[in-house]
Amino acid sequence: MTTTTHQYRPLKFGVTRGVLTQGEAGVQYLQAEQALEQFPTRMTDRLVHWATTAPQRLWMAQRTRNADGTKGDWKRITYGQALASARNIAQAIVNRGLSADRPVLILSENDLDHALLSLGCLLAGVPWCPASAAYSTISTDYSKLRHVYNTLTPGLVFANDASRYGKAINAVVAPDVEVLFANGSVDDRNCTAFADLLATPSTPAVDAAMAATGPDTVVKFLFTSGSTKLPKAVINTQSMWCANQQQMVQSMPVLAEEPPVLVDWLPWNHTFGGNHNFGMVIYNGGTLYIDEGKPVPALIGETLRNLREIAPTVYFNVPTGFEAIATAMKTDVALRKNFLSRARMFFYAGAAMAQPVWDSLFESEEAELGQRIVMGTGLGMTESGPFGIFVTNPEVRSGDLGLPAPGLQLKLVPNEGKVEVRYRGPNITQGYWRAPEETAAHFDAEGFFCTGDAVKWIDDSNIHLGLKFDGRIAEDFKLATGTFVSVGPLRAKIIAAGAPCIQDVVITGLNMHEVGAMVFPNVMACRKLSGLPAEAAVDAVLASAPVVAHFQTLLNTLAATATGSANRIAKLCLLAELPSLDRGEVTDKGSINQRAVLACRAAMVDALHDGSLPHTLTPQSK
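The numbering used here numbers the first residue of the sequence shown as 24 and each following residue consecutively.
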């Protein structure tokens, strides 16, 4: 075990020792020394438990919307109120004869109606699917929404606001399918008001529907981000969800020490927000404050406002969110005091977090508290529930993953000079809905799910520290010389070294002689660095002398520390055009789809490497 060199707010780690066994052909199997304890087989039972034992406890809250569009005070729903409303909604769903073959499709962002409808489906034993709102509101061709719709064949489609979602619904949803709106309606369409479901009196039919569900009942469908192909509908069962929540409690005992309080924006269409956090609250009797902010310049102010008012006990975000919070805490005393007041643990996921962001958070924490707050992280995916691997001690560094949760077995398989990690356990999906060939292709002969993620040991001499991330195997490639390029670690190195001016990076060079980098800049940080007025065009910002000098220095530094052609960036360009969701260049969780960017911008890649791309930077020696 590593020696802790810094003082942390006390946090118990549930899994601190692993068991490693050897297989054939270099394969290894890794699991926690701790066994998985007994868990409920239905999430329904946890909801009923808390509504019965703590009916007045706050379950969820969301700010009301004022007439001028601003956000007001919190509208609150207790566990008792949630169960009563969910029973009424469940009755309405039972009345409609919906099923796994005709589930409920939810198009909206996180809100109280969305949450209550989900609970109604849970009680009725009818799966629901929260689809990415971007498929309806940002996409222009609705191709992904159409794919989701055709895959599921829903019997009921819900959207919060007809004015925002009506166009997408008219383009995709069949005329004979019932559409449910919380606000407004669409002409010439079979529309129902959400209030009608809430007003449906529950009957013993709801109890019968609940009794008919079991561990294998499909709870919901969550679509993958579609980073390599069209999104796939991951089957989530009652027992899969409950097993994963129990694994989380045993890996993160803080969740059971007191009911967790979350202030959270993470979208429920994504497994991190919709399974991990939404489920965590129900399983442990916690409270979720819906944060309608996001880690983007236009919306981060709302997140900061909420964190000045509501103190979370555990807090989850993506790296860009923590970066914004870390920056704000340097000068915002009220934010720093409230946000840090009772936080026991932070947790990031979705992408690598640059070390400077960690350091900035720690600086504020030590100034305010005299100690640090543990930054937890790990590895998982939609197919694993998502929780799979979690760190084992407070001294976490960027890229650390840790050990598998109790009950989850990892298979470590040598692959192209790396080690792929595969999963087998009660939290692993049974497969993809209506896609038997895809399902079969993702499981090996021993029943392990093939992740495509590469890992390596944090310390080769101490397996109990666990694993660290080593990139995605599918992203790696070879140069024309046959030299293998490990994309993940190289991307993380560039992002960290270029902070805060880099949002993300795509590595180029497949079948070429040199490695290149196409940088998606953090435009806000670059604009500040440029000294140009706020209205200056992005192209002008990126072409400004201070910004060019920053990236030239970065490139020179990277070149000076490179150990060979596989990690030497020979050419670098800045991309003014943001990645496109419609073209698949960015996944729903906001991460870059390396393959899609390379395919969509193939001509630019060629120009970068043949020297014809304007404003290309190359390393310069001193």
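Built from N, CA and C at the ideal position, the CB exists for glycine as well. Keep in mind that this is a model prediction, so the values were computed, not measured.
Within the same chain, 100, 138, 311 come within 6 Å of residue 83 by CB-CB distance, once the 5 residues on both sides are set aside. With contacts defined as CB atoms closer than 8 Å, residue 359 and residue 391 qualify as a contacting pair. In this structure, the beta-carbon distance from residue 377 to residue 518 falls below 8 Å. When the Cα atoms are used, residue 510 and residue 499 turn out to be separated by approximately 5 Å.
Distance from residue 75 to residue 236 at the Cβ level is roughly 18 Å; contact not present, criterion being Cβ atoms closer than 8 Å. Beta-carbon to beta-carbon, residue 128 and residue 198 are separated by about 15 Å, too far to satisfy the 8 Å threshold.
Per DSSP, reduced to three states, the secondary structure at residue 265 is helical.
Contact check for residue 590 and residue 533: beta-carbon distance about 15 Å, past the 8 Å limit, so the pair fails to qualify. Residue nearest to residue 271 within the set 145, 411, 479 is 411 (criterion: CA-CA distance). For residue 267 and residue 474, the gap between their C-alpha atoms comes out near 17 Å.
DSSP, reduced to helix, strand and coil, places residue 579 within a helical segment of the structure shown.
Taking C-beta atoms as the reference points, residue 507 and residue 501 count as a pair closer than 8 Å. Residue 414 sits in coil when the DSSP states are folded into three classes, being neither helix nor strand. With respect to the 8 Å criterion, residue 259 and residue 452 are classified as neighbours on the basis of their beta carbons. For the pair residue 384 and residue 335, the CB atoms are not nearer than the 8 Å cut-off. No Cβ-Cβ contact shorter than 8 Å links residue 568 with residue 555.
According to the DSSP assignment, residue 243 belongs to the beta strand (DSSP E) that extends over 241 to 246. No Cβ-Cβ contact shorter than 8 Å links residue 483 with residue 495. Membership of residue 390 in any beta strand (DSSP E) is not indicated; the residue belongs instead to the alpha helix (DSSP H) covering 378 to 392. Under the rule that a run must span 4 or more residues, the alpha helix (DSSP H) segments found entirely inside the stretch 165 to 224 read 166 to 175, 185 to 195, 217 to 221. Annotated as proximal: residue 424 and residue 490, with beta-carbon spacing under 8 Å. Note on geometry: alpha-carbon atoms of residue 263 and residue 330 lie some 32 Å from one another.
Its chain contains 86 as the residues whose beta carbon lies nearer than 6 Å to that of residue 94, once the 5 sequence neighbours on both sides are disregarded; these appear in chain order. Positions of the alpha helix (DSSP H) runs, each at least 4 residues long and wholly inside the stretch 96 to 137, are given as 102 to 118 in order along the chain. Going by beta carbons, residue 362 and residue 399 fall outside the 8 Å limit.
Checking the DSSP bridge columns, you'll see residue 643 has no partner listed.
Annotation for residue 303: 268, 271, 278, 283, 309 place their beta carbon closer than 7 Å to its own, counting only its chain and skipping 5 residues before and after. One alpha carbon belongs to residue 275, the other to residue 522, and they sit about 30 Å apart. Non-local C-beta neighbours of residue 194 in its own chain, meaning closer than 6 Å and more than five positions away in sequence, comprise 165, ordered along the chain. Taking C-beta atoms as the reference points, residue 191 and residue 171 fail to come closer than 8 Å. The beta carbon of residue 574 sits closer than 8 Å to the beta carbons of 521, 524, 542, 595, 597, 640 from its chain, once the five residues preceding and following it are set aside; these are given in chain order.
In the three-state reduction of the DSSP assignment, residue 453 falls in the coil class, being assigned neither a helical nor a strand state. Membership of residue 437 in the beta strand (DSSP E) is indicated by the continuous run 432 to 438.
Here the stretch 310 to 326 does not lie against the stretch 174 to 188, with fewer than 3 beta-carbon pairs under 8 Å apart.
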